[in-house]
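Asker: Structure below; questions to follow.
Residue numbers (our numbering), protein chains in the order written: chain A, -19 to 175; chain B, 115 to 452.
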């Protein structure tokens, strides 16, 4: 896509996600991409920027502000309307699943908007996937730390080797039909309480 | 059966929050997961596309969503109303000083508001007033309030949307001169020392339709038990004996960022209207009682008339009939008979 003439505004409470979309749109040739913050200044910022397309995350509290700037308001100087493609329910669902809504100036043709939405859907889904992987990695790391601490406690209190301590944890988990990390957490909590 | 119910944090979300949190739903075999929505637009779209099974929704927005006037067109039904009234018009301290109405009577206040609005517009600095969404009773009440003062809102005032949690910030920074929002946000602005409650919504439009329970038209086989649960929860909420417990529930569980005492005042219709602590009591300020629950198709027709008056809909056509058909007193009657 080489869409150089459009100005696209991005509104997203997550600055990291906004930056990823901004980069994606630039890479696709959109020359003017501006990230706008939520907040009481938003309407003035949009009025000054006069974007052709506004991509706004569903979690943003500013969507209702944009809806008031639509053609429904007799005062809007440059009315925007939520982009709803009635002919393509699948795309609409994909956009909402990815957390995207878009507002466009009146008269902007659908085929000029679609590539922007496609990029937004790809980027937001990729961001969500990364976020999920990061959360999983974090919790895995936290689990491993807990197990290390529990092993340390068992080694000190019961004079076990590291290997024996781990085997004891594993046996207990199997006997109780629980995860090793749950047994480890119980040991750490008990040790913290009992000193 | 498990369902997800969307709401926006406001005092009038009380019946759905109480239904979910206090066992009314469980008694009907339903498990409600509450989903706090960041905007009315997002609540509307998530309901339209099936991410939500039910919603606490602005009545006019539910109608607009079903008629295809706002967002993706949705097949909706409205088997219950959640409340009547609950809004107020709050103005900045500076605007109130300029208005200096001779009394708190609605006519005097509206006349004073009109005088200042015209004067400021003539100076090229029109008043900027906040509402919550184009399709809201708040927008219609502001128009009626302007009409009482004898002027047309569109030509004299800038109407903007301010998300209710931002109203205090926007007043402090002078971005808006006033707003019409629901409880408890008017009281929050007064408590912050930034605003004066100028007029109550229930005075501008008595028994004004407000939030409804909106469901998908198709596949909502939980409609009867849900309506029964929310109706019973609404009766519990309307009982003044439960006011303090409900206020605490709303302050804590619903993440309404206001303290319980302030919410209790909005539930009891005893509002502090200015920084001096002046109290105004109007028991109709926010009605959650049994008589407000039946979804009356006449309310839909009234709302459509307001949409036409605002230019949101062309006059004529069958919009009023289509809107009235969304309101389902038959489902409500079947639910509470069960």
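Each residue gets a CB set at the ideal place from its N, CA and C atoms; glycine is no exception.
(1) Strictly below 7 Å CB to CB, what residues from chain B border residue 31 (chain A)?
(2) Quick one: which residues of the segment 251 to 285 of chain B get their C-beta closer than 8 Å to a C-beta of chain A? List them in chain order.
(3) Please name the residue, chosen from A:150, A:32 and A:163, that lies closest to residue 93 (chain A) on a Cα-to-Cα basis.
(4) Please list, in chain order, the chain B residues whose beta carbon lies closer than 8 Å to that of residue 41 (chain A).
(5) Looking at chain B, which residues of the segment 87 to 114 of chain A have a Cβ within less than 7 Å of any of its Cβ atoms?
(6) Ordered along the chain, which non-local residues of its own chain (more than five positions away) have a Cβ less than 8 Å from that of residue 126 (chain A)?
(7) Assuming residue 193 (chain B) and residue 327 (chain B) make a contact with CB atoms under 8 Å, what is their CB distance in whole Å?
(8) From what residue to what residue does the alpha helix (DSSP H) around residue 131 (chain A) run?
(9) Considering just the uninterrupted stretch of the alpha helix (DSSP H) at residue 158 (chain B), what are its terminal residues?
(10) Cβ of residue 448 (chain B) within 8 Å of Cβ of residue 349 (chain B)?
(11) Which residues in chain B have a C-beta closer than 9 Å to the C-beta of residue 71 (chain A)? List them in chain order.
(12) Give the interface partners of residue 246 (chain B) over in chain A, defined as CB-CB distance under 8 Å, in chain order.
(13) From what residue to what residue does the alpha helix (DSSP H) around residue 348 (chain B) run?
(14) For residue 38 (chain A), would you say it is in contact with chain B, using Cβ-to-Cβ distances shorter than 8 Å as the test?
(15) In the segment 163 to 195 of chain B, which residue ranges form an unbroken beta strand (DSSP E) of at least 3 residues, counting only runs that do not cross its ends?
(16) With a cut-off of 8 Å, does the C-beta of residue 17 (chain A) fall near any C-beta of chain D?
(17) Any contact between the segment 172 to 185 of chain B and the segment 375 to 382 of chain B? By contact I mean 3 or more CB pairs, one from each, below 8 Å.
(18) Please classify residue 84 (chain A): does DSSP put it in a helix, a strand, or coil?
(19) Return no unless some Cβ of chain B is closer than 8 Å to the Cβ of residue 20 (chain A).
(20) Give a yes or no on whether the C-beta atoms belonging to residue 25 (chain A) and residue 16 (chain A) are separated by under 8 Å.
(21) Check the Cβ-Cβ distances between residue 159 (chain B) and every residue of chain A, and say whether any is below 8 Å.
(22) So the candidates are B:139, B:128 and B:132; which of them puts its Cα closest to the Cα of residue 342 (chain B)?
(23) Counting along the chain, where does the alpha helix (DSSP H) carrying residue 3 (chain A) start and finish?
(24) Consult DSSP for residue -15 (chain A) and reduce its assignment to one of helix, strand or coil.
(25) Assess, as a yes-or-no matter, whether the segment 170 to 177 of chain B is touched by the segment 60 to 74 of chain A under the definition of 3 or more beta carbon pairs within less than 8 Å.
(26) Using a Cβ-Cβ distance under 8 Å, would residue 76 (chain A) count as near chain B?
(27) What whole-angstrom Cβ distance do residue 285 (chain B) and residue 243 (chain B) have, given they're in contact under 8 Å?
(28) Is residue 47 (chain A) close to chain B, meaning its C-beta is less than 8 Å from at least one C-beta of that chain?
(29) Could you check if residue 420 (chain B) is buried or exposed, using at least 16 other CB atoms within 10 Å of its CB as the buried criterion?
(30) With DSSP as the reference, please indicate the residues paired to residue 296 (chain B) in a beta bridge.
(31) Taking contact to mean at least 3 C-beta pairs separated by less than 8 Å, is the segment 415 to 432 of chain B in contact with the segment 208 to 221 of chain B?
(32) Beta carbons nearer than 9 Å to chain A: which residues of the segment 163 to 175 of chain B have them?
(33) Go to residue 34 (chain A), then tell me how far its beta strand (DSSP E) extends in each direction, as first and last residue.
(34) Residue 154 (chain A) to residue 148 (chain A), Cα distance in whole Å?
(35) Taking residue 357 (chain B) as the reference, which of B:246, B:400 and B:344 has the closest Cα?
(36) Spell out the partners DSSP gives residue 61 (chain A) in its beta bridges.
Answerer: Reading off the structure:
(1) Contact annotation for residue 31 (chain A) against chain B: no contact, minimum CB-CB distance about 17 Å [criterion: below 7 Å].
(2) 268, 272, 273, 274, 275, 276, 277, 279, 280, 283 and 284
(3) Answer by Cα proximity: A:32.
(4) 152, 153, 277, 279 and 280
(5) none
(6) 161, 164, 165 and 168
(7) 6 Å
(8) 90 to 138
(9) 154 to 162
(10) no
(11) Within chain B, no residue comes near residue 71 (chain A); the closest Cβ sits about 11 Å away, beyond 9 Å.
(12) 44
(13) 337 to 352
(14) yes
(15) 168 to 172 and 190 to 195
(16) No chain D is part of this structure, whose protein chains are labelled A and B.
(17) no
(18) strand
(19) yes
(20) yes
(21) yes
(22) Ranking B:139, B:128 and B:132 by Cα distance to residue 342 (chain B) puts B:139 first.
(23) Annotation for residue 3 (chain A): the continuous alpha helix (DSSP H) segment containing it runs -5 to 7.
(24) coil
(25) no
(26) True, the Cβ-Cβ gap to chain B drops below 8 Å.
(27) With a Cβ gap of about 11 Å, residue 285 (chain B) and residue 243 (chain B) do not count as contacting.
(28) Answer yes: the Cβ-Cβ gap between residue 47 (chain A) and chain B drops below 8 Å somewhere.
(29) buried
(30) B:201
(31) no
(32) 163, 164 and 165
(33) 33 to 37
(34) 10 Å
(35) B:400
(36) In DSSP, residue 61 (chain A) forms a bridge with A:84.
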